[in-house]
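Numbered according to this note's numbering, the sequence shown spans residues 166 to 283. Ideal placement from N, C-alpha and C gives every residue a C-beta, glycine not left out.
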Amino acid sequence: MVLASTNSSRRPSPLRPSSYDPVAPMDDEVHPVIHEGRVAVITGAASGIGRAAAVELAKIGLKIAIADEDEQRLSETAKEVGRIVGDANVLAIATDVTQLDQVERLRDRVYEAWGEVS
């Protein structure tokens, strides 16, 4: 049974170019389908991947709705994102995504603020 190939002549994956950097910031060249004025809703935005996603999407001009249970850290994320896109383009809503009524409230607040999510 062969568990791993030692063939160093393998062709690079067409899905992952040799210049691929998983931590490189996103930009319009890398993600041409993302345009200014679009809205992103990000849960778990108080820390980790959610926070990083909010910051990176803000850098390319999206309006950002962020949600998390941790209100203090969510507020910190909102301030950081607000410095990038302006306070009018960030909406922070304390939300427990395991509670349907809170998720519906998040949805309603985003639609009230910006209309359609795109």
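Counting C-beta pairs closer than 8 Å gives three or more between the stretch 221–232 and the stretch 246–259, which meets the contact rule. Shown here, I214 sits in a helix according to DSSP, grouped into three states. In the structure shown, I249 adopts helical secondary structure according to DSSP, grouped into three states.
Here D233 carries a strand assignment [DSSP, helix/strand/coil].
Contact annotation, T263 with L271: C-beta distance approximately 12 Å; criterion of less than 8 Å not satisfied. DSSP, reduced to helix, strand and coil, places L271 within a helical segment of the structure shown. Counting the other CB atoms within 10 Å of its CB gives L265 a total below 16, which places it among the exposed residues. Cβ contact annotation for I249 (same chain, cutoff 8 Å, sequence separation greater than five): V220, A223, K224, in chain order. Taking A205 as the centre and dropping the five residues before and after it, the same chain places the C-beta of L222, L227, I229 closer than 6 Å to its C-beta, in chain order.
For K244 and D252, the gap between their C-alpha atoms comes out near 8 Å. The Cβ atoms of T242 and R203 lie no closer than 8 Å to each other.
Selection A210, E281, V275, V282 evaluated against S240 yields A210 as nearest (Cα-Cα).
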